[in-house]
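The structure appears below as structure tokens.
Below is the structure:
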């Protein structure tokens, strides 16, 4: 993991956020500085355990003297900076970015985004009033094994899965962004199936996906029969039993059945990342009935 | 081999030979066991800048990039196949599906200058002849587009043979200022033999480099700064500041890059320079390297410029043989070499950070600034990047001094400017004019209007620029006047539209251009360009926009200007907004 904003020298800088003076260590991102004074900022492509790519632009803020808005997740604070997080321009951009996303992909499994869309008054129906219907991603789910599915109709191209698969965690490089513009998609080479790709089924892409575009097959199956009930689920923290590294697991159980496994993003050993055994190797606890743990690879 | 997963598909002999020839046996294939972790990653990056040449070789060999061919490249360069596929699918000139028939593909330009010259008819004509046609964005030959003859820009992508532009076979007659001794930048065009170093020297070539070496690097940077030279690509950043910043960086490899990825619709000035005076570009880049202390020179040229590429490569080869490049470039005591990289059909790669990514072998996606290229440019190392026109000015500056240079132009826009005249003008072509010349004078220089002869609008600065109307004919062509009057010089495009032209059709095409060319990285631009295009299509179909849709035009524009990563998104709505403001769009209140 690249700790991009870890300050190397213990100095503090002073800046103004929404009229209040804020002091934070040098090298802190604007986003973190906002967090330190309880200003909530929407994020999508940003995550604690990934290098900022600042592509979603939903966290933009206005910085005095800058012509364009700046991504708060990736811009480091500077002494004397004057930041506005709730100006008309900021609100407009956040509203429009969310609206744009909602107009092209399905966001019903992204409650955090839904909340922000409501907050900023995003109205995705504006684009469907056309005689010419608004272009959508329009992808059918890719179901290629029993472990996880990819539903790119929900993909907002935040690059998180690519980062988790590549330089930020797994170094497997099974997926990358292909194509260009609105036709850009997360893909393996020549769109081969995952078993035919470099994928090692660590599932770290699932762990970072913010919209359910990549999800456990168990979750997908339950959702498709309308039986996915997060509120009824229990999360149990435990330690993976496969090797001696000590990865912490969070077992999500619904009706006393494990339905998915995650790891805390802030855990010192995993930073939220697991391997195939920790992520998927829990059927020995509850053998599937009938046993269908057939891997096609 | 290293820890890359590569499928069983293998390359055939043709593909292997093509890739090996392109890479020139310049490195050893890594085959020993090696974990592709941090150390492996850096090793991988070491070869990665050869990915684009290798993909070009595959495309040229078979007419597409096959899974086996891609595997061979990936194994050779140690690039993960998924990433290489992502790169290959980014570019217009590469295809990753097997063509039904393999053979030359004729790219025909459909952007504004060619569109109004009748490229639709030309495409229909070629298709009727059974020619494999690809509708292309601007090919940078706008001076050839002529509604009177029906000629439009074409580029043939070869399979097994070289890419070519058939019009290049004809003697180049479209430079109308040939032999004018008062020209500062184009005086050699059409006069010098572009394939001969001896001829270039006879016409004053390499005197500037000698002068620069005699002055020393600091004095060159000072002269460039004092001259007031600013970048001619559109952003008009002061060149002296850029060079001084790179010169001040110590302890890391440094680069100078000639941004020859001229792709702004309506722009062809750099092509004319590179084709007809290539040694000047090489000499000027060498001076840039000397002044900034960079040892590595790069020329990133768009893939659709085969003649310019060949002439530049020839110029580099001759300069190397003559000792003007190499370990002791021109006796300067400094090492300086130049490598050429061809782009592969992506407008965005003209954006400087996207160009770096492309050259490094990654998708041509712009990077956030800061950090700026002067500290984190190519390979994250200090880089000065300029386009050929900007560089050419330096030849003049080091020979006649900053004061001499400032004797032309205005106080705030010193020197001369290359303008690309196209559209409904009698003599389209590139013209060098002194800053301060009025727009009306410029149009007269190009022989005045054709078509109906009644001016409707002028597109200034290309698709990323803006439309103006006849009330601007008195505007002096300077950076300050353009800014004051709410338009831009951009890359020097002056495209004239007369009143018989359907402007809505032109606007729909401009919107389509941005939709096709957006890299897709950031949300405002990726989705905004599509929604803008949809709005224009609805406008075309309905003849007007409802108030709600009119509001959308503004909303889309605002978020793209405010929140996009790079200049592409910041400018992609300019032309359409300006057309609406000018009242060029019936049915849409300004």
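Chains as they are written, first to last, in our numbering: chain A, 9 to 305; chain B, 4 to 593. Just so you know, even glycine gets a beta-carbon here, dropped at the ideal spot from N, CA and C.
A direct Cα-to-Cα measurement between residue 472 of chain B and residue 458 of chain B gives close to 8 Å. Not a single C-beta of chain B is nearer than 8 Å to the C-beta of residue 128 of chain A. Taking 8 Å as the cut-off, the beta carbon of residue 269 of chain A is found no closer than this to the beta carbon of residue 253 of chain A.
Around the C-beta of residue 19 of chain A, fewer than 16 other C-beta atoms lie within 10 Å, and the residue is accordingly described as exposed. Within the segment 40-115 of chain B, complete alpha helix (DSSP H) segments of at least 4 residues are found at 41-51, 54-65, 70-80, 84-91, given in chain order. Around residue 190 of chain A, the beta-carbon contacts reaching into chain B at under 8 Å are 518, 521, 523, 529, 530, 532, 533. Residue 278 of chain B sits in a helix when the DSSP states are folded into three classes.
Contact between residue 201 of chain A and residue 152 of chain A holds, with the beta-carbon distance rounding to 4 Å and staying under 8 Å. Bridge partners of residue 268 of chain A according to DSSP: A:260.
If you draw a straight line from the Cα of residue 54 of chain B to the Cα of residue 80 of chain B, it is about 7 Å long.
Between the alpha carbons of residue 179 of chain A and residue 199 of chain A lies a distance of about 19 Å. By the rule that beta-carbons nearer than 8 Å mark a contact, residue 104 of chain A touches chain B.
A direct Cα-to-Cα measurement between residue 493 of chain B and residue 150 of chain A gives close to 45 Å.
Rounded to the nearest whole angstrom, the C-alpha separation of residue 77 of chain B and residue 87 of chain B is 7 Å.
DSSP places residue 400 of chain B in the helix class (H, G or I) of the three-state scheme.
Taken through DSSP and simplified to helix, strand or coil, residue 263 of chain B comes out as strand.
Taking 8 Å as the cut-off, the beta carbon of residue 157 of chain B is found no closer than this to the beta carbon of residue 425 of chain B. Contact with chain B is absent for residue 34 of chain A, since none of that chain's Cβ atoms lies less than 8 Å from the residue's Cβ.
The beta carbon of residue 196 of chain A falls within 8 Å of a beta carbon belonging to chain B, placing the residue at that interface. Shortest Cα-Cα distance from residue 67 of chain A to any of A:117, A:128, A:34 involves A:128. Considering only A:290, A:187, A:235, A:143, the residue with the shortest C-alpha distance to residue 98 of chain B is A:187. Between residue 77 of chain A and residue 97 of chain A, the gap from beta carbon to beta carbon is short of 8 Å. Excluding its 5 nearest sequence neighbours in each direction, residue 524 of chain B has C-beta neighbours in its own chain below 8 Å: 368, 369, 568, listed in chain order. Listed as beta-bridge partners of residue 234 of chain B by DSSP are no residues whatsoever.
Within the same chain, Cβ atoms closer than 7 Å to the Cβ of residue 136 of chain B are found at 109, 111, 126, 129, 130, the five residues on either side in sequence being excluded.
Ranking B:377, B:59, B:149 by CA distance to the CA of residue 95 of chain B puts B:59 first. Taking CB atoms only, residue 88 of chain B has a neighbour in chain A less than 8 Å away.
The three-state secondary structure of residue 218 of chain A, taken from DSSP, is coil. Ranked by Cα distance from residue 306 of chain B, the options B:435, B:216, B:558, B:56 are led by B:56. Assigned with DSSP and collapsed to three states, residue 129 of chain B falls in helix.
In the three-state DSSP reduction, residue 37 of chain A falls in the strand class (E or B).
Listed in chain order, the alpha helix (DSSP H) runs fully inside the segment 197-244 of chain B are 200-205, 210-218, 220-230, counting runs of at least 4 residues. Contacts with chain B at 8 Å (Cβ-Cβ) include residue 64 of chain A. With its beta carbon at least 8 Å from every one in chain A, residue 560 of chain B lies outside the interface. For residue 85 of chain A, the secondary structure class from DSSP, reduced to helix, strand or coil, is coil. Restricting attention to B:526, B:530, B:516, B:555, the CA atom closest to the CA of residue 578 of chain B is found in B:516.
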